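Add 15 to a position in the sequence shown, counting from 1, and you land on the number used in this note's numbering.
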Amino acid sequence: MGAGPRVPAHQVTTRNLGAAYPLMAEAGLGHRGVLIGHDLLGGSFVYDPFELYAQGVVSNPNMIVFGQIGRGKSAFVKTYLWRQSVFGRRAWVVDPKGEYAALARAWGVRPVALRPGGAVRLNPLDPGPTPLAAATGTADADRRQVELLASLACACLGRNLAPRERVALDLALSAVGSTAVVPTLPAVVDALLEPSTDAARRIRTDRATLLEDGRDVALELRRLVHGDLRGMFDGPTTPGLDLSGPLVVLDLSALYNSTALGVLMACATAWLQAALARQAHEGHGGHVLVVVDEAWAILANLGVARWLQASWKLSRAYGVANVAVLHRLSDLHAVGAAGSEQVGLAEGLLSDSETRVVYAQPPGEVARASELLSLSATEAELLSQLRRGVALWKVGHRAFLVQHLVGPSERGLVDTDGAMGPER
16 MGAGPRVPAH
26 QVTTRNLGAA
36 YPLMAEAGLG
46 HRGVLIGHDL
56 LGGSFVYDPF
66 ELYAQGVVSN
76 PNMIVFGQIG
86 RGKSAFVKTY
96 LWRQSVFGRR
106 AWVVDPKGEY
116 AALARAWGVR
126 PVALRPGGAV
136 RLNPLDPGPT
146 PLAAATGTAD
156 ADRRQVELLA
166 SLACACLGRN
176 LAPRERVALD
186 LALSAVGSTA
196 VVPTLPAVVD
206 ALLEPSTDAA
216 RRIRTDRATL
226 LEDGRDVALE
236 LRRLVHGDLR
246 GMFDGPTTPG
256 LDLSGPLVVL
266 DLSALYNSTA
276 LGVLMACATA
286 WLQAALARQA
296 HEGHGGHVLV
306 VVDEAWAILA
316 NLGVARWLQA
326 SWKLSRAYGV
336 ANVAVLHRLS
346 DLHAVGAAGS
356 EQVGLAEGLL
366 SDSETRVVYA
376 QPPGEVARAS
386 ELLSLSATEA
396 ELLSQLRRGV
406 ALWKVGHRAF
416 LVQHLVGPSE
426 RGLVDTDGAM
436 GPER
């Protein structure tokens, strides 16, 4: 018996296919942006956070990327930055493992390598924009500095600051600021250890009591000034650093295994954000992508996590799209006890990143991922089966299955496991 008439193949656009099969084919995000790769359910996949934000598709331009080692998340992030450069976009990267050197060379720049006792210093208390006649701008800068110092102190102490400690820190920063110089960590530590009688009088106490109130904070912050972490954030920013290039990489790899990595990353990120704010105020901002790799190191410290989430929310004012890179969804819950403020802050970072890119996850992560990302049963089942280079993209309320493509000229930018290949 014959098989019946054969129906000839018919080709249509993804737009028409999406209309004909609305539950099977996604119409895509448009053609404005950079090519990421193949949408495995519909054709080419193009993405740009600034375009989607302008169109109202997403309410914020931030992205969070998850993926096991070797599944392609680093290759995606690096090629994503490289391709954005075609549109004149700039990128600033906090690189705790030293993996962005090849990308920097391709861009014709050198990473800013921070080492204990090294030649480069960044002042995390550098002010943001300071309009000549804007008192609110000055107040905002002061508040940013106080919040950063409080976050660093919390991280160093391993606990929340007592009210008297926070007041002592505020008074110390105010005393340094009254000298009309840019505050630095050494100056704040000195002001905490040598409070003035006038500062004590302002809170109706004596100098000895104020000294005792701020002593623990001063001794912990002193580690960044005179201890094993000296020589990176303990003075004015090194003159002559070129921030006008298309890529700025802060290389923290010398301290990747340090218990203070989160504190160091917070200092580096604070300096980046202040520099971006100044450039935006001066009209030299434009759209910038800020990548925080190994973001778990920041989230592991409660005080620093608070500061990071606040900064994440404010970035839109400066035309910034943040990208946080983690390994597993459980990294968000591993930062603290169940129901703790730390876990809430980590989940808040996820809420403030409306683009989520998830590469293959271990089977044990599927339930957590399904809960945090509101995955369908089909999407959750796919997570442990994704092959290398394929990710589940959640953009707003829409989902895509995307095969990331790496061009021949990009392979040198993304090879992080060349040592595992055959010997030459």
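Yeah, the Cβ is synthetic: ideal placement off N, Cα and C, and Gly gets one too.
All values reported here derive from a predicted model rather than from experimental measurement.
Whole angstroms is fine: what's the gap from residue i's alpha carbon to residue j's?
i: PRO254; j: LEU129; result: 15 Å
i: THR224; j: ASP205; result: 16 Å
i: SER259; j: SER391; result: 44 Å
i: VAL240; j: ASP257; result: 24 Å
i: VAL373; j: ALA215; result: 52 Å
i: THR151; j: ARG158; result: Per-residue confidence for THR151 stands at a pLDDT of 36, beneath the threshold of 50, marking its modelled position as unreliable; the derived number appears in the next sentence. C-alpha separation (whole angstroms): 10 Å.
i: ALA384; j: ARG403; result: 18 Å
i: GLU114; j: SER211; result: 46 Å
i: ALA106; j: LEU265; result: 11 Å
i: ARG293; j: ALA332; result: 12 Å
i: LEU172; j: SER193; result: 27 Å
i: SER366; j: GLN400; result: 25 Å
i: LYS112; j: ASP213; result: 46 Å
i: LEU50; j: TYR68; result: 17 Å
i: ASN175; j: LEU186; result: 18 Å
i: GLN288; j: GLY133; result: 22 Å
i: LEU140; j: GLY71; result: 35 Å
i: GLY363; j: LEU397; result: 25 Å
i: PRO423; j: VAL405; result: 18 Å
i: PRO142; j: LEU291; result: 11 Å
i: SER268; j: ALA116; result: 11 Å
i: LEU163; j: GLY123; result: 32 Å
Considering residue i, what are the terminal residues of the beta strand (DSSP E) in which it resides?
i: ASP266; result: 262-266
i: GLY52; result: 49-54
i: ASN272; result: It is not in any beta strand (DSSP E) - ASN272 carries neither H nor E in the DSSP assignment.
i: ASN337; result: 335-341
i: LEU304; result: 303-307
i: VAL373; result: 370-373
What is the residue span of the alpha helix (DSSP H) that residue i lies within?
i: ILE313; result: 311-314
i: LEU188; result: 178-192
i: THR393; result: 392-398
i: VAL429; result: 426-429
i: ARG383; result: 381-388
Give the DSSP bridge partners of residue i, in chain order.
i: GLN418; result: HIS53, VAL405
i: GLY58; result: ASP54
i: VAL410; result: THR370, ARG413
I'd like to know whether the C-beta of residue i is nearer than 8 Å to at least one C-beta of chain B.
i: GLN376; result: Judged by its chain identifiers, the structure shown contains no chain B, having just a single protein chain.
Kindly give me the distance between the Cβ atoms of residue i and residue j, rounded to whole angstroms, as I take these residues to be in contact under 8 Å.
i: LEU184; j: ALA168; result: 7 Å
i: VAL263; j: VAL127; result: 7 Å
i: THR94; j: LEU428; result: 7 Å
i: ARG86; j: ALA375; result: 5 Å
i: GLY52; j: VAL417; result: 5 Å
i: ASN77; j: SER326; result: Not confirmed; about 11 Å, so no contact.
i: LEU207; j: VAL232; result: 6 Å
Any heavy atom of the ligand SAH closer than 7 Å to the CB of residue i?
i: PRO142; result: The ligand SAH is not part of the structure shown, which contains no ligands of any sort.
Taking only runs of the alpha helix (DSSP H) that begin and end inside the stretch 60-86, which ones reach a length of at least 4 residues, in chain order?
64-70
Only counting runs of 4 or more residues, tell me where the alpha helix (DSSP H) segments fall wholly within the stretch 98-173, in order along the chain.
116-122, 150-172
Whole alpha helix (DSSP H) runs in the stretch 204-251 with 4 or more residues, listed along the chain?
212-217, 222-236
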